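Colleague:
Number of protein chains: 2
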Amino acid sequence: MGTPLPRDPIADARLNWERHGWSDVAAPMAAITAIMRTQQILLGRIEAVLKPFGLTFARYELLALLSFARSGALPMNKASALLQVHPTSVTNAVDRLQDAGLVIRSPHPTDGRTTLIELTPEGRALAKRATAVLNSEVFGRSGFGDQDVDQLIRILGTFRRNAGDFSD
Amino acid sequence: MGTPLPRDPIADARLNWERHGWSDVAAPMAAITAIMRTQQILLGRIEAVLKPFGLTFARYELLALLSFARSGALPMNKASALLQVHPTSVTNAVDRLQDAGLVIRSPHPTDGRTTLIELTPEGRALAKRATAVLNSEVFGRSGFGDQDVDQLIRILGTFRRNAGDFSD
DNA sequence: TCCAAACCCTTGGATGTCCTAGTATATTGC
DNA sequence: GCAATATACTAGGACATCCAAGGGTTTGGA
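If you read the protein sequences in the order shown, they are chains A and B.
Using UniProt numbering, you'd call the opening residue of the first sequence number 1 and step up by one each time.
Using UniProt numbering, you'd call the opening residue of the second sequence number 1 and step up by one each time.
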């Protein structure tokens, strides 16, 4: 990561918006751009922690999801829905996790269309170790204050519900 | 995008974290995961709007940045720094924008190492039209309340400053 | 019963991002 | 003045994401 910029580029963009007569949408534009940039920063931290484990965020998410399933196994389409990513992304992740011996594919007992993803003991152990480091190095040092964390969960939760993520 | 899930998957993940004795980091984990998911939703909306223009978000950002530069031209390294992406990503975006006739590369007048990216009239016109639609369709209907927009800008601004994005 | 529609997963192609390495040009120091 | 260092951009490779298309399986209505 380079040297800090002398000025906040998002604040500058907001000024540019206002100068061009788009004041009514300048603030949401700045908020949305800030979300994009924050995601980029956080993803960078997470991937840096996971790299020594040979994991990417996408693969870790799948591993973690499986480790919380009672049986340690889930159908591909369930995983796709819960992780809210495209089915092909799950296929891709499973391919690599399987090559690494962390999961195995097995046929669904009653539905021939469905493939189950199952955690191996190695996969379960790796998920546990990776989570421990993520907890201490990323989530435990997020840089957000406690109140801001609550605000984020509230604001983004409302947004996600309105966007159709869940009907809770 | 599929049917809404019956339950919020991030709230469930938070419960799983608490059940496993990681209550101290469960809330920041939920906040960070929510940021990742929100970014995904917003990016999807933006790319859907830009697709008819033949633009992706990465290319649009570069066009918009150039359109705000007084001369309509910037060195590659400046663009990379301001957009906060890897230099190779700028190279990639410029390649495609140049193929589309929206920008041209020109040599820097005094520094032979540097390449200037310059907006063509077509590029400037397209940026203007794309911005108008983004403003009305995405930023103008973000789904965030006015107060929440302010909160997001404040919280994420502090985060980005602490992360070393800028020293303002 | 049987066939069309729906569903599940995979493959192939396009895009974007990053990293590492390499080439070319500037600047600095001796 | 020349070598060493720093900077700017590009090339190639690894991953992840999406879309479109295809083949196998199940379901439900004619």
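C-beta atoms are modelled at their ideal positions from N, C-alpha and C, and glycine is treated no differently.
Keep in mind the model is a prediction, meaning the values are calculated, not measured.
Could you please give me the residues that DSSP links to Ser106 of chain B through a beta bridge?
Modeller: Here residue 106 of chain B corresponds to residue number 106 of the second sequence, with the count starting at 1. Answer is B:Leu116, bridged to Ser106 of chain B.
Colleague: When the Cβ atoms of the stretch 147-163 of chain A are set against those of the stretch 125-144 of chain B, are three or more pairs found closer than 8 Å?
Modeller: Contact holds: three or more Cβ-Cβ distances are below 8 Å.
Colleague: Grouping DSSP H, G and I as helix and E and B as strand, with all else coil, what is Ala73 of chain A?
Modeller: What you label residue 73 of chain A is simply residue 73 of the first sequence in a count that begins at 1. Residue state, collapsed to three classes: strand.
Colleague: Just verifying my parser: in three-state terms, what is the DSSP assignment at Phe68 of chain A?
Modeller: To locate residue 68 of chain A, count along the first sequence from 1; it is residue 68. Phe68 of chain A falls in the helix class under three-state DSSP.
Colleague: Could you tell me whether any Cβ in chain A is nearer than 7 Å to the Cβ of Phe166 of chain B?
Modeller: For the purposes of this step, residue 166 of chain B is identified with residue 166 of the second sequence, where counting begins at 1. So, interface residue.
Colleague: Within 10 angstroms of the Cβ of Arg59 of chain A, are there 16 or more other Cβ atoms? Answer buried if so, exposed if not.
Modeller: Residue 59 of chain A sits at position 59 when you count from the first residue of the first sequence. When all chains shown are included, Arg59 of chain A counts as buried.
Colleague: Tell me the rounded alpha-carbon separation between Ala31 of chain A and Ile153 of chain A.
Modeller: Within the first sequence, numbered from 1, the residue matching residue 31 of chain A stands at position 31. Within the first sequence, numbered from 1, the residue matching residue 153 of chain A stands at position 153. Computed Cα separation, rounded: 15 Å.
Colleague: Would the beta-carbon of Leu55 of chain B fall within 7 Å of that of Ala130 of chain B?
Modeller: Stepping through the second sequence from its first residue, residue 55 of chain B is reached at position 55. Stepping through the second sequence from its first residue, residue 130 of chain B is reached at position 130. Yes. Within cutoff.
Colleague: If you compare alpha carbons, which of A:Phe166, A:Leu65 and A:Pro75 is closest to Arg113 of chain A?
Modeller: As a first step, residue 113 of chain A must be located in the first sequence, where it is residue number 113. When only C-alpha atoms are compared, the closest one is A:Pro75.
Colleague: Name the chain A residues that come within less than 7 Å of Thr114 of chain B, Cβ to Cβ?
Modeller: The count along the second sequence starts at 1 and reaches residue 114 of chain B at position 114. Those within 7 Å of Thr114 of chain B in chain A number zero; the least Cβ separation is about 16 Å.
Colleague: For Val103 of chain A versus Gly72 of chain A, is the C-beta spacing smaller than 7 Å?
Modeller: As a first step, residue 103 of chain A must be located in the first sequence, where it is residue number 103. As a first step, residue 72 of chain A must be located in the first sequence, where it is residue number 72. No, the Cβ-Cβ distance between Val103 of chain A and Gly72 of chain A is not below 7 Å.
Colleague: Leu5 of chain A by DSSP, collapsed to three states: which one?
Modeller: Within the first sequence, numbered from 1, the residue matching residue 5 of chain A stands at position 5. In the structure shown, Leu5 of chain A sits in a strand (DSSP, three-state: E or B).
Colleague: Quick one: which residues of the stretch 153-164 of chain A get their C-beta closer than 9 Å to a C-beta of chain B? List them in chain order.
Modeller: Under the 9 Å Cβ criterion, the stretch 153-164 of chain A contributes Ile153, Arg154, Ile155, Leu156, Gly157, Thr158, Phe159, Arg160, Arg161, Asn162, Ala163 and Gly164.
Colleague: Taking the C-alpha atoms as reference points, what is the distance between Asp99 of chain A and Leu119 of chain A?
Modeller: Taking the first residue of the first sequence as 1, we reach residue 99 of chain A at position 99. Taking the first residue of the first sequence as 1, we reach residue 119 of chain A at position 119. C-alpha separation (whole angstroms): 13 Å.
Colleague: Closest by CA to Val25 of chain A, which one among B:Asn162, B:Gly140 and B:Gly164?
Modeller: Position 25 of the first sequence holds residue 25 of chain A. Of the listed residues, the one whose Cα sits closest to Val25 of chain A is B:Gly140.
Colleague: Among A:Thr38, A:Leu65 and A:Ile46, which has the Cα closest to the Cα of Ser136 of chain A?
Modeller: Position 136 of the first sequence holds residue 136 of chain A. That would be A:Ile46, whose Cα lies nearest to the Cα of Ser136 of chain A.
Colleague: Name the two residues that bound the continuous alpha helix (DSSP H) containing Lys51 of chain A.
Modeller: Your numbering for residue 51 of chain A matches position 51 in the first sequence. Where Lys51 of chain A is concerned, there is no enclosing alpha helix (DSSP H), given that its DSSP letter is neither H nor E.
Colleague: Roughly how many angstroms lie between the CA atoms of Val85 of chain B and Val133 of chain B, to the nearest whole one?
Modeller: Residue 85 of chain B sits at position 85 when you count from the first residue of the second sequence. Residue 133 of chain B sits at position 133 when you count from the first residue of the second sequence. Each residue's Cα considered, the two are about 24 Å apart.
Colleague: Buried or exposed for Ala125 of chain B, going by 16 or more other Cβ atoms inside 10 Å?
Modeller: Sequence index remark: in the second sequence, residue 125 of chain B carries index 125 (1-based). Exposed, since its Cβ has fewer than 16 Cβ neighbours within 10 Å.
Colleague: Buried or exposed: Thr3 of chain B, going by 16 or more other Cβ atoms within 10 Å of its Cβ?
Modeller: The sequence position of residue 3 of chain B within the second sequence is 3, counting from 1. Under this definition Thr3 of chain B is an exposed residue.
Colleague: Short of 6 Å in beta carbon distance, which residues of its chain neighbour Leu97 of chain A, apart from the five on each side in sequence? Order them along the chain.
Modeller: The sequence position of residue 97 of chain A within the first sequence is 97, counting from 1. Here the set comprises Arg59 and Val103.
Colleague: To the nearest angstrom, how far is the alpha carbon of Asn16 of chain A from that of Ala48 of chain A?
Modeller: Residue numbering aside, residue 16 of chain A sits at position 16 when the first sequence is read from its first letter. Residue numbering aside, residue 48 of chain A sits at position 48 when the first sequence is read from its first letter. Each residue's alpha carbon lies about 34 Å from the other.
Colleague: How is Phe159 of chain B classed by DSSP in three states: helix, strand or coil?
Modeller: Position 159 of the second sequence, counting from 1, holds the residue named residue 159 of chain B. Phe159 of chain B: helix per DSSP, three-state reduction.
Colleague: Anyone know if the C-beta pair for Ala127 of chain B and Ala64 of chain B falls short of 7 Å?
Modeller: Position 127 of the second sequence, counting from 1, holds the residue named residue 127 of chain B. Position 64 of the second sequence, counting from 1, holds the residue named residue 64 of chain B. Against a cut-off of 7 Å, the Cβ pair of Ala64 of chain B and Ala127 of chain B comes out as a contact.
Colleague: Nearest CA to the CA of Leu83 of chain B: which residue from A:Phe166, A:Asn162, A:Arg7 and A:Asp168?
Modeller: If you number the second sequence from 1, residue 83 of chain B lands on position 83. Among A:Phe166, A:Asn162, A:Arg7 and A:Asp168, the Cα nearest to that of Leu83 of chain B is on A:Arg7.
Colleague: Along the chain, where does the alpha helix (DSSP H) that runs through Arg129 of chain A open and close?
Modeller: Along the first sequence, one-based indexing puts residue 129 of chain A at 129. Element bounds for Arg129 of chain A: Pro121 to Glu137.
Colleague: Can you find a C-beta in chain A that's less than 7 Å from the C-beta of Leu15 of chain B?
Modeller: Here residue 15 of chain B refers to the residue found at position 15 of the second sequence. It does not: the Cβ of Leu15 of chain B has no partner Cβ on chain A nearer than 7 Å.
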